[in-house]
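Numbering (our numbering), first residue to last: 2 to 153.
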């Protein structure tokens, strides 16, 4: 079934894929992780501000801490992605992002009582199996990842 939510999710996946490639490209420069984090978050903030401005509602003080927590988690996640991109090929890293499906399902269950549908569970299992197969195939072919570069 095609829905607006599904189309937005597909667009998000495309942009996230582009982000991984962009981070890989930036990680090959001499810029530090902090510099890459700063400029990528600055660009994201400006773009989000443009789209949010017409419908922005100031959050209450009770939920501001949630926004801060989400921001901290996002920055730590981005720092991990940048470091991983410095150490391995983007195509090698991609299957690891599928683990986020497991985390999202677990957090959704704990925080919101959401139970994945049978179709979602089957789809997740197929994706995880494919990712594992890709990693196994790459490890047997000896093309797991390039040599590690020197530390900054």
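Quick reminder that beta carbons are idealized off the backbone N, C-alpha and C, glycines included.
Check whether residue i and residue j have beta carbons under 8 Å apart
i	j	result
residue 79	residue 41	yes
residue 38	residue 76	yes
residue 105	residue 21	no
residue 68	residue 60	yes
Environment of residue i [buried if 16+ CB atoms lie within 10 Å]
i	result
residue 86	buried
residue 74	exposed
residue 47	exposed
residue 82	buried
N-terminal and C-terminal residue of the alpha helix (DSSP H) that residue i is part of
i	result
residue 105	100-113
residue 17	5-28
residue 56	From DSSP, residue 56 is part of no alpha helix (DSSP H); its letter is neither H nor E.
Whole-number beta carbon distance between residue j and residue i, since they are thought to touch under 8 Å
i	j	result
residue 115	residue 109	4 Å
- Can at least three beta-carbon pairs, one atom from the region 85-103 and one from the region 120-133, be found at a separation below 8 Å? Short answer: they touch.
- prompt: Counting Cβ pairs, one atom from each stretch, are 3 or more of them under 8 Å apart for the region 18-38 and the region 73-91?
  reply: Here the region 18-38 lies against the region 73-91, with 3 or more beta-carbon pairs under 8 Å apart.
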